[in-house]
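K.L.:
Mind looking over this structure? Questions follow.
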Amino acid sequence: MKFISMLFFLSTLLFSKVYYSKVEPYELRDISSNVSGLVLFIDENMIGKTLSNKAYIKIDSELDYKELKYIKEKLIYLKNTVSSNEDVLKNLEKLLGKKRDNYEKIKSLKIKSTVEKDREFYDLIGSENQYLNTMKEINNLKIQISDLKLRKAQLNRTVNDKNLNAKGFTLYSISVKVGQVVGISTPLAQVADTSKAKLTIYLDEEDLLGVKDKKVYLDGVESKYKISRVLNIADSKNISKYMAQIIINPPKNFSKLVQVELK
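When we follow our numbering, the leftmost residue of the sequence shown carries the number 2, and every step to the right adds one.
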């Protein structure tokens with residue numbers, strides 16, 4: 002019986018393969034600027050630490066805040082003007098109704114001269130034009146309000162983009178200095194998702210069959226982990242190899258080398 006167990010153990014070793022992988026953060030993000038401006042503040046003390054809602058890079062947004070203030074004031078004025086014009090429109094509508102009724106009453110009366118009828122008609126048309134012009138002004142004001150709301154949303158986004166934060170991520174590196182003027186797409190920093198970790202190994206084609214069902218041994222010890230994802234496209238650097246990843250709990254220290262066996 003011991004002999005059979007030994008044979009099984011030896012056969013398992015014979016058909017298992019050993020790989021080595023560096024423990025990496027689950028995700029590493031390159032952060033580039035969405036805006037242009039002068040870098041005012043960098044919190045270098047946060048490198049290697051978990052970020053909060055507090056900004057770790059600030060880009061000058063003084064003019065953006067001023068424009069936002071003026072836009073908010075202008076929106077109040079425009080909305081008040083629209084409200085006043087809508088009241089005027091209601092009054093014009095009542096007046097127009099009265100003038101239409103009056104004209105309908107006199108246009109067929111023989112006791113009224115053509116001059117009087119024309120005067121009433123021109124007065125009616127004038128009131129209708131005034132009504133239409135007021136409606137047109139209201140619509141133009143509403144278009145201005147919509148444009149300002151869009152500009153306000155753009156400015157709010159710009160201000161947010163000038164105060165960089167990445168709550169829950171670890172600040173990996175910073176690529177700019179205080180006093181530097183950055184433009185759109187300028188690299189700013191790298192942040193890492195260290196809530197999980199990953200091991201990456203490269204498999205031969207024949208090893209892909211049933212790979213997700215195999216047990217994963219880390220440094221010779223059976224783990225609870227399985228292969229998390231496999232690419233069925235050969236790697237561009239490791240020719241004829243297929244990348245596989247194992248998602249694991251985060252270690253105390255990243256970047257250490259781990260021995261990986263699949264059995």
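The beta-carbon is built from N, C-alpha and C at its ideal position, and this holds for glycine as well.
What's the C-alpha gap between Val19 and Glu63?
P.N.:
Stepping through the sequence shown from its first residue, residue 19 is reached at position 18. Stepping through the sequence shown from its first residue, residue 63 is reached at position 62. Going from the Cα of Val19 to the Cα of Glu63 covers about 57 Å.
K.L.:
Can you tell me whether Tyr243 is buried or exposed, with buried defined as 16 or more other CB within 10 angstroms of its CB?
P.N.:
Indexing the sequence shown from 1 puts residue 243 at position 242. With 16 or more other Cβ atoms within 10 Å, it is buried.
K.L.:
Work out the CA separation of Val217 and Ile32 for me, nearest whole Å.
P.N.:
Here residue 32 is taken as the residue at index 31 of the sequence shown, counted from 1. Here residue 217 is taken as the residue at index 216 of the sequence shown, counted from 1. Computed Cα separation, rounded: 34 Å.
K.L.:
What residues in its chain sit with their C-beta under 8 Å from that of Lys73, if we drop five residues either side in the sequence?
P.N.:
Here residue 73 refers to the residue found at position 72 of the sequence shown. Excluding residues within five positions, the ones whose Cβ falls inside 8 Å are Lys153.
K.L.:
On the DSSP letters alone, give me the boundaries of the beta strand (DSSP E) that Thr171 sits inside.
P.N.:
Against the sequence shown, residue 171 aligns to sequence position 170. That run of the beta strand (DSSP E) goes 171–175.
K.L.:
Of all the beta strand (DSSP E) runs that stay within the bounds of the stretch 54–112, which reach a length of 3 or more residues?
P.N.:
Qualifying beta strand (DSSP E) stretches, in chain order: 58–60.
K.L.:
Pull up the DSSP beta-bridge partners for Met244, would you.
P.N.:
Translated into the one-based positions of the sequence shown, residue 244 becomes position 243. BP columns for Met244 point to Tyr203.
K.L.:
Would you kindly work out how many angstroms separate the C-alpha atoms of Glu262 and Leu41, rounded to a whole number?
P.N.:
On the sequence shown, position 261 is the one that residue 262 refers to. On the sequence shown, position 40 is the one that residue 41 refers to. Looking at the two C-alpha atoms, the distance is approximately 49 Å.
K.L.:
Hey, Ile249 and Ile228: beta-carbon distance below 9 Å or not?
P.N.:
Position 248 of the sequence shown, counting from 1, holds the residue named residue 249. Position 227 of the sequence shown, counting from 1, holds the residue named residue 228. For Ile249 and Ile228, no; Cβs fall outside 9 Å.
K.L.:
Evaluate Tyr57 with the Cβ neighbour count: other Cβ atoms within 10 Å of its Cβ, from every protein chain shown; 16 or more gives buried, anything less gives exposed.
P.N.:
On the sequence shown, residue 57 is found 56 positions in, with the first residue counted as 1. That one is buried.
K.L.:
Rounded to a whole number of angstroms, what is the C-alpha to C-alpha distance between Val182 and Leu142?
P.N.:
Walking along the sequence shown from the start, residue 182 turns up at place 181. Walking along the sequence shown from the start, residue 142 turns up at place 141. C-alpha separation (whole angstroms): 38 Å.
K.L.:
So, at 6 Å on beta carbons, what are the nonlocal neighbours of Ala245 in its own chain, with the 5 sequence-adjacent residues on each side left out?
P.N.:
Position 244 of the sequence shown holds residue 245. Hits under 6 Å: Ile202, Leu204, Ile228, Val231.
K.L.:
Measure the Cβ-Cβ separation of Thr159 and Val259 and say whether it is below 9 Å.
P.N.:
Numbered from 1 along the sequence shown, position 158 holds the residue referred to as residue 159. Numbered from 1 along the sequence shown, position 258 holds the residue referred to as residue 259. Not in contact: Thr159 and Val259 (Cβ atoms no closer than 9 Å).
K.L.:
If you check the beta carbons only, do Glu25 and Ala190 fall under 9 Å apart?
P.N.:
Against the sequence shown, residue 25 aligns to sequence position 24. Against the sequence shown, residue 190 aligns to sequence position 189. It is not a contact, given that the beta carbons lie outside the stated cut-off.
K.L.:
Quick one: Cα of Leu14 to Cα of Gly221, how far?
P.N.:
The residue you call residue 14 lines up with position 13 of the sequence shown. The residue you call residue 221 lines up with position 220 of the sequence shown. Because the pLDDT of Leu14 is 45, which lies under 50, any placement of that residue in the model is unreliable, and the number read from its coordinates should be weighed accordingly. Each residue's alpha carbon lies about 11 Å from the other.
K.L.:
Quick check: the stretch 75–91 against the stretch 162–177, are there 3 or more CB pairs under 8 Å?
P.N.:
They do not touch, by the three-pair rule.
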